[in-house]
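Take a look at the structure set out below.
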Amino acid sequence: MVATPTKLIGFAALAVAAMHNVDASGISALPITSGGKSFELNKNHPAYAGKLASDAHNVVVHDNANAVDPSAVRMRRLEATNEDIQRLEAHFGTKMETNVNTLKQQYGSATFNPAPWPSSYWPTFRDGINFRWSDDKSAAEKYALAYGKDVKQFMDDVSRKSGVLSQSDAKACTSNDQCTDSSCAIREGETSGFCIPGWFGICHAWAPASILEPEPRCPVKKGDVTFQPLDIKALMTQVYDGVDLETVFTGARFNGPDEPKNKDKYGRFEDAARRDLGPGYFHIAISNILGKFKQSFVVDTSSGAEVWNQPVRSYEVVSLQVVDAAELSQAEFGTNKYPFNRDMVKLAKVSTKLSWVFETGDDGEFVANGKVDGFTHTATYDYVLELDANDNIIGGEWLGGSQEQHPDFLWFATGKPAADAQTSFGLSYKDVRQLLDESVACGGSVTTAPTTAPPTAGPTSGPSTAPSTAPSNAPSNGPTGVPGNNGTATPVPVTSRPHNGSNSTNVGKGDYKQSKFGFLPKQSERAQKNPGHPVPASEQQQPSGAPKPAYTPVTATPGAGASTPASNNAKPSPGAPGAGASTPASNNAKPSPGSPGAPGAGASTPASNNAKPSPGAPGAGASTPASNNAKPSSAAPGKKGEERQQQQPQPQQQHANNKGAATPAPSVPSKQAC
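Sequential numbering from 1448 applies to the sequence shown in the working numbering.
Given below as structure tokens:
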């Protein structure tokens, strides 16, 4: 091609136009996951809580989606034609609403009722549902005995599916000293095992089951075997893990590495898979799925490599204002003009709360009696939406701390398992559903399978005392691990999302303390372990020297850079914690009147850190909501209980003798998680 003067002038003009437009999270250019309109829930599923199979679904990154150089050129369509939106439209059979005004007025908040039920994620290193969580037999043992299965064979099959044997391709070991970022899990009767990260489990099955199935309420007898509610939850979770349930999956799983945190000059991750979910799609998806269609969904609440599948309970758009593009750009990105999308006509700054249910190893009922409020966590996300001339959402950018801490992907199951579904090792959905129906009805022993499912538990009600089992501060030095048929039972592992005891924070990850059989977050250690990692604080706690971004709400249609930029003094200090970051609502804030049935209204206040735990109690490590006498907080849905304080011991071998107290797993998390 001959470089004529005319062509050179054209190239120069194009380069100049591109200098102020770098890649942003335009909806039509977000990374997606290949696989068609639906995905089967198995080891190839992007939400699988463990190491993905080599033939798992691929992440598709569009042209220039990784661009961070201002000279990168990419035209972004105004239409929300992203394939993920097409998947939602194919499932619901209608177009997604994308007009920001309609979404705000009609779907500004929503709550899913009944709430998803809390349960364990049944960690892989504890051999999944083979684990004995009480003095009785494990859920797997009980099912095999009650339904005429060979107990040893059934437990071996469970282990091969989601327990220790499922990781037989991992590094072999005889002690934790031989493992890195994992523990040596050894089944009873064996002298060696495999290095398994403490995070692997089946939360990808618990989350959809907790949304679609009613919560077990009462113990149920079948023959001589008594199934407790937690046993039934375990069996139902195992069913959902093993029947290739159809799902709609959106977003792209980030598989690491978490370090180094490669970012561009605007503070955004360079890796497109780590930047998503884009806030434009996030806003459209939650407002349509839960707001318009009244359906819950599952989110990976961490943008990093660890996977935390959590069932969503509610959302609330706390604030949404059209702002001056130049002022926002100066305050957030240090530029005089919005640098990301030249197709943008308006910018709307948004703050949204998202609430989800987290894990526990406690037995019993949580939803109908309101105890679920103590197992609900709320995160606040700040972002800017890019709008076209008709106020349709065409993209967006995360702001402040939400640039690093935001959901990674979003998905939901399209329905329950088929009535005759069963796993590869003979665990029958019909059997488990029969147990569940009896448990919901509190009718006693199992008789015949019902032809229709009974009503599910009703919406959550007022505050109630949540389970109060306490952890042991003194772990045993002896080996522990996968249970067998004899020995003293041990509590189920307990995990929950990172938080600092507040019910309104940005979601982080990587900072955890150990419970007796799992991991609990300890957000107070975040700054020590991850220097520079933003730790949310209330507005009153913000450093006096940390300037707040200046925004001017406008009613006219601002163009990109049309208005006078804000003063350079309004630019957030790079080193100031919380500058430009999401600001959690203080406990004095009043909930939005437009939020119907916001969970946690009147939720219990967390117990004090001074409360001493009783040693050796089952469910060690679970959050302990305070008594009913505590005054509720009105700040946000789902007041999450203060984490119980515990010593953090050195990693010990995870041996399977099932006799005596168990040894905590190592404190270092793996790079892929449940």
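Cβ coordinates follow ideal geometry from the N, Cα and C atoms, glycine included.
Values in this document were obtained by computation on a predicted structure and should not be read as measured data.
Is residue i buried or exposed, if buried means 16 or more other CB atoms sit within 10 Å of its CB?
i, result
"residue 1623", "buried"
"residue 1540", "exposed"
"residue 1615", "exposed"
"residue 1631", "buried"
"residue 1610", "buried"
"residue 1768", "exposed"
"residue 1885", "buried"
"residue 2054", "Here the model assigns residue 2054 a pLDDT of 39, short of 50, so the residue's position is not dependable and the matter cannot be decided."
"residue 1676", "buried"
"residue 1636", "exposed"
"residue 1836", "exposed"
"residue 1706", "exposed"
"residue 1876", "buried"
"residue 1574", "buried"
"residue 1685", "buried"
"residue 1734", "buried"
"residue 1838", "buried"
"residue 2159", "The requested residue 2159 does not occur in the structure, where the chain is confined to residues 1448 to 2121."
"residue 1709", "exposed"
"residue 1820", "buried"
"residue 1678", "buried"
"residue 1815", "buried"
"residue 1826", "buried"
Going by beta-carbon coordinates alone, are residue i and residue j separated by less than 8 Å?
i, j, result
"residue 1798", "residue 1760", "no"
"residue 1660", "residue 1488", "no"
"residue 1829", "residue 1697", "no"
"residue 1856", "residue 1699", "yes"
"residue 2122", "residue 1681", "In the structure as shown, the chain starts at 1448 and stops at 2121, and residue 2122 therefore has no counterpart that could be examined."
"residue 1770", "residue 1796", "yes"
"residue 1634", "residue 1850", "no"
"residue 1864", "residue 1605", "no"
"residue 1840", "residue 1730", "yes"
"residue 1872", "residue 1578", "no"
"residue 1639", "residue 1627", "no"
"residue 1811", "residue 1580", "no"
Could you tell me which residues DSSP pairs with residue i in its beta bridges?
i, result
"residue 1726", "Looking at the DSSP assignment, residue 1726 forms no beta bridge with any residue, so it has no partner."
"residue 1568", "None; residue 1568 has no bridge partner."
"residue 1643", "1630"
"residue 1830", "1797 and 1845"
"residue 1802", "1761 and 1825"
"residue 1767", "1797"
"residue 1869", "1875"
"residue 1619", "1641"
"residue 1756", "1747"
Which same chain residues end up closer than 7 Å to residue i when comparing Cβ atoms and leaving out the 5 residues on each side of it in sequence?
i, result
"residue 1617", "1641, 1642 and 1643"
"residue 1878", "1594"
"residue 1657", "1563, 1564, 1566, 1758 and 1804"
"residue 1683", "1656, 1660, 1879 and 1883"
"residue 1542", "1536"
Spatial neighbours of residue i within its chain, please: CB distance less than 8 Å, with the 5 preceding and 5 following residues excluded, ordered by chain position.
i, result
"residue 1655", "1488, 1687, 1692, 1694, 1745, 1758, 1859 and 1860"
"residue 1756", "1494, 1496, 1650, 1651, 1653, 1654, 1745, 1746, 1747 and 2121"
"residue 1559", "1658, 1737, 1741, 1742, 1743, 1759, 1760 and 1761"
In its own chain, which residues sit with a C-beta less than 6 Å from the C-beta of residue i, not counting the 5 before and 5 after it?
i, result
"residue 1410", "Within the shown structure, residues of the chain are numbered from 1448 to 2121, placing residue 1410 beyond reach of any answer."
"residue 1845", "1726, 1830 and 1853"
"residue 1732", "1857"
"residue 1495", "1651"
"residue 1782", "1776"
"residue 1612", "1606"
"residue 1868", "1690 and 1876"
"residue 1889", "1664 and 1665"
"residue 1554", "1734, 1738 and 1739"
**Q.** At least three beta-carbon pairs within less than 8 Å, the stretch 1566–1574 to the stretch 1746–1753
**A.** no
**Q.** the stretch 1735–1745 touching the stretch 1543–1553, judged by at least three CB pairs closer than 8 Å
**A.** yes
Q. Is there contact here, the stretch 1639–1653 with the stretch 1661–1674, by at least three beta-carbon pairs under 8 Å?
A. no
Q.
I'd like to know if the stretch 1579–1596 and the stretch 1668–1687 are in contact, where contact means that at least 3 CB-CB pairs between them fall below 8 Å.
A. yes
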